[in-house]
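Peer 1:
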Amino acid sequence: DIQMTQSPSTLSASVGDRVTITCRASQSISSWLAWYQQKPGKAPKFLIYKASTLVSGVPSRFSGSGSGTEFTLTISSLQPDDFATYYCQQYHSYSTFGQGTKLESK
Amino acid sequence: EMRLLESGGGLVQPGGSLRLSCAASGFTFGSWAMSWVRQTPGKGLEWVSSISGSAGSTSSADSVRGRFTVSRDNSRNTLYLQMNSLRVDDTAVYYCAKNFYDNRLAFHIWGQGTKVTVSS
């Protein structure tokens, strides 16, 4: 099974900050990586696929990069609505999610 | 607007059975592969099972294979998950999801989830 490891587990930031979350795969997954945003009590929301392609309607302050085993999600200027938990997911071989990164207000 | 609405969750004893349903609207249901994903505080998000649009192909995680069965009724725009031989560690919120691809497991649209508790 492919393991996905996110860092950090928790990230404290302020509105307007640029934030980056890292996701590492235990083996190469090419660019078969997605990012999701989840708010408390809600279902995950599909943000990015193929490592760097934004889902329609997702604000352009979100961006993704990487390939192989190392990936990043960047929010260029944090907005109040962005405080949430973010998950990476590989879909190169079946599906595995990272453990999540909670983005909280500093 | 594409929507998914799960139902059927609840409290069940270990070894028991439960069937979850997911009603879809706002898209051509039979054209899309669908999946179940569950979430627990301890293990996080875990893919459970998937089924192709035509129902000709299914796949399941090792943790549920042989106990859970995914199916669909395209005439009713409904996805199902039959869960047998339930264990305490099957306790989770279960989401149905519309796949983004035909043959890869990325999940575009999610339902609101239904909670399953397995406890004596």
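Residue numbers (our numbering), protein chains in the order written: chain A, 6 to 111; chain B, 178 to 297. Each residue gets a CB set at the ideal place from its N, CA and C atoms; glycine is no exception. Since the structure is predicted, the reported quantities are computational estimates derived from the model, not experimental observations.
1. Expressed to the nearest angstrom, what Euclidean distance is found between the alpha-carbon atoms of V63 (chain A) and L78 (chain A)?
2. Could you name the residues that DSSP lists as bridge partners for M9 (chain A)?
3. Under a Cβ-count criterion, where at least 16 other Cβ atoms within 10 Å of its own Cβ denotes burial, should M179 (chain B) be classed as buried or exposed?
4. Looking at V241 (chain B) and D267 (chain B), is the spacing between their C-beta atoms short of 9 Å?
5. Does R215 (chain B) pass the burial test, meaning 16 or more other C-beta atoms within 10 Å, or should it be called exposed?
6. So, does the region 251 to 263 of chain B touch the region 189 to 201 of chain B, judging by three or more C-beta pairs under 8 Å?
7. Pull up the distance between the alpha-carbon of S98 (chain A) and that of G105 (chain A), whole angstroms please.
8. Any idea what DSSP makes of G73 (chain A), helix, strand or coil?
9. Could you check the C-alpha separation between S70 (chain A) and Y278 (chain B) for me, to the nearest Å?
10. At what residues does the beta strand (DSSP E) containing H97 (chain A) begin and finish?
11. Which bits of chain B does W37 (chain A) rub up against, with CB to CB less than 9 Å?
12. Enumerate, from N- to C-terminal direction, the unbroken beta strand (DSSP E) stretches of 3 or more residues contained entirely within the region 235 to 276 of chain B.
13. Would you call S212 (chain B) buried or exposed, if buried means 16 or more other Cβ atoms sit within 10 Å of its Cβ?
14. Using the Cα positions of K220 (chain B) and G73 (chain A), report the straight-line distance between them to the nearest angstrom.
15. Using only alpha-carbon positions, find the residue among A:K107, A:Q94 and A:E109 that is nearest to W30 (chain A).
16. Using only alpha-carbon positions, find the residue among B:D250, B:A274, B:W209 and B:V225 that is nearest to G243 (chain B).
17. Please classify K111 (chain A) as buried or exposed, where buried requires at least 16 neighbouring CB atoms within 10 angstroms.
Peer 2: Let me spell this out:
1. 13 Å
2. By DSSP's assignment, M9 (chain A) forms a beta bridge with A:A30.
3. That one is exposed.
4. In contact: D267 (chain B) and V241 (chain B) (Cβ atoms closer than 9 Å).
5. Taking all protein chains shown into account, R215 (chain B) has 16 or more neighbouring C-beta atoms within 10 Å of its C-beta and is therefore buried.
6. yes
7. 19 Å
8. coil
9. Distance between S70 (chain A) and Y278 (chain B), taken at the CA atoms: about 20 Å.
10. Unbroken run through H97 (chain A): none, as it is neither H nor E.
11. R281 and A283
12. 235 to 237, 245 to 250, 255 to 260 and 269 to 276
13. Counting other Cβ atoms within 10 Å of its Cβ, S212 (chain B) reaches 16 or more and is therefore classed as buried.
14. 25 Å
15. A quick correction: the sequence has Ala, not Trp, at residue 30 (chain A). Closest by alpha carbon: A:Q94.
16. B:V225
17. K111 (chain A) should be labelled exposed.
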